[in-house]
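The numbering used here puts the sequence shown at residues 132 to 220. Virtual Cβ for every residue (Gly too), placed ideally from N, Cα, C. Some notes on the structure that comes next.
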Amino acid sequence: MTTRPALPARRSDDGRTLIVVCPGCGRRHVHGRHNPTTGCTAPWRDDTPCTCPTGTGDGHRAAHCSNGAMPRGYIIVEVEHDHLESRSA
Ligand SMILES: [Zn+2]
Ligand SMILES: [Zn+2]
């Protein structure tokens, strides 16, 4: 039985995407985070950050590996920025 790994994901500065470092190919993969059911208006205005709560984008995602290393995908789990490095720019 093969289980899907759970990976910590970082929120992008605008909150619209989650970024994980893939254990299959070693690259970073970017996944959408926004969920329209939260009332967040991010998708309708280009200059509006996504304000969906932490964890909105968590769940199973297909991996974007170019080498096909993760055919079952993985589970992404958003972690708060404050517990990681401070943003660099
Ligand atoms: Zn949102
Ligand atoms: Zn990958």
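Terminal residues of the continuous beta strand (DSSP E) containing Pro-136?
As a position in the sequence shown, residue 136 is number 5, starting the count at 1. Per DSSP, Pro-136 belongs to no beta strand (DSSP E) and is neither H nor E.
Out of Ile-206, Cys-156 and Trp-175, which one is the CA nearest neighbour of Gly-186?
Here residue 186 is taken as the residue at index 55 of the sequence shown, counted from 1. Nearest of Ile-206, Cys-156 and Trp-175 to Gly-186, Cα basis: Ile-206.
Is Cys-183 near ligand 2, with its Cβ less than 7 Å from a heavy atom?
Taking the sequence shown and counting its residues from 1, the one referred to as residue 183 is at position 52. Cys-183: no, Cβ never under 7 Å from ligand 2.
Between which residues of its own chain and Ala-200 is the CB-CB distance below 6 Å, once the five residues before and five after are set aside?
Your numbering for residue 200 matches position 69 in the sequence shown. Excluding residues within five positions, the ones whose Cβ falls inside 6 Å are Gly-155 and Cys-156.
Pull up the distance between the alpha-carbon of Arg-135 and that of Thr-182, whole angstroms please.
In the sequence shown, residue 135 corresponds to position 4, counting from 1. In the sequence shown, residue 182 corresponds to position 51, counting from 1. Those two C-alpha atoms are separated by around 28 Å.
Can you tell me whether DSSP reads Thr-185 as helix, strand or coil?
In the sequence shown, residue 185 corresponds to position 54, counting from 1. Three-state result, Thr-185: coil.
Can you list the residues near ligand 2, meaning Cβ strictly closer than 5 Å to any non-hydrogen atom, in the order they appear in the chain?
Ordered along the chain, the selected set is Cys-153, Gly-155, Cys-156, Ala-194 and Cys-196.
Is any heavy atom of ligand 1 found at a distance shorter than 7 Å from the C-beta of Thr-169?
On the sequence shown, residue 169 is found 38 positions in, with the first residue counted as 1. True, at least one ligand heavy atom lies under 7 Å from that Cβ.
Excluding the five sequence neighbours on either side, which residues of its own chain have a C-beta within less than 7 Å of the C-beta of Asp-145, listed in chain order?
The residue labelled residue 145 in the question sits at position 14 within the sequence shown. Excluding residues within five positions, the ones whose Cβ falls inside 7 Å are Pro-180 and Cys-181.
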